[in-house]
Amino acid sequence: MTDYMHRDLGLSVSDSSSLFAILGLGCAFGAIFVGMLTRLFGTHMSLFISYVLGLSAIAMVLIFDSIIIVASSSFLIGMSFFGAAALSSIRTLEIVGLSRHAHFWGFMALGWGLGIGGGSYAMSVLLSLGFNYIDLFKAAQVIIILSLGLILFSWWRYSDVEDFDAIKK
120 MTDYMHRDLG LSVSDSSSLF AILGLGCAFG AIFVGMLTRL FGTHMSLFIS YVLGLSAIAM
180 VLIFDSIIIV ASSSFLIGMS FFGAAALSSI RTLEIVGLSR HAHFWGFMAL GWGLGIGGGS
240 YAMSVLLSLG FNYIDLFKAA QVIIILSLGL ILFSWWRYSD VEDFDAIKK
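To get the numbering used here, take the position in the sequence shown, counting from 1, and add 119.
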């Protein structure tokens, strides 16, 4: 992303790198924000709000090229990332119970790691083949939006499940 900011938006390397600091601030603010949301709405709705924040932030970057939009979406993505990571674990615990939580959370973390690794590898291969960075960046964002949309659909589909055994029907 720093390369995108530097080459295509014309920012200096130091300014584009500082956007990652904004991402970190978003994560720190997300820790406070998620705690407040959970107390107000519960983990179920807080996880939904966290995913919607991530979707809207990625959509903002796809539509607009303004640096202010990119900086604010970086902050929102940081908030969404922390919220999704923390609340997914809590929600998994609520659904599957304490005895199966570590097993399911391990699979979720493995899937996340494989997704990050596979996506990074695919992007580097495509860049080395001469594809345009901007087109790949926007294509990756579309894939992320589709993935988060699938997560939101599954959240809606299984939103009333309080027992894991009920999912097996």
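Glycine included, every Cβ here is placed at the ideal spot set by N, Cα and C.
In this structure, does DSSP put residue i in helix, strand or coil?
i	result
L97	Missing from the structure shown is residue 97; the chain here goes from 120 to 288 and no further.
S136	helix
F183	coil
G268	helix
G161	helix
G143	helix
G154	helix
G216	coil
Would you please state the rounded distance, in angstroms, between the beta carbons of residue i and residue j? I believe it to be under 8 Å.
i	j	result
A259	G237	The Cβ separation is near 12 Å, so there is no contact.
G143	G202	Not confirmed; about 15 Å, so no contact.
G173	L267	6 Å
S165	T157	5 Å
T211	W224	6 Å
S192	A204	About 18 Å separates the two Cβ atoms, so there is no contact after all.
I235	T162	Not a contact, Cβ separation roughly 24 Å.
I141	F183	Not a contact, Cβ separation roughly 16 Å.
V180	V171	Not quite, the Cβ-Cβ distance comes to about 15 Å (not below 8 Å), so this is no contact.
Using a Cβ-Cβ distance cut-off of 8 Å, determine whether residue i contacts chain D.
i	result
A204	Going by chain labels, chain D is absent from the structure shown, which holds only one protein chain.
_Going residue by residue through the stretch 227 to 254, where are the continuous alpha helix (DSSP H) segments of at least 4 residues, counting only ones entirely within it?_
none
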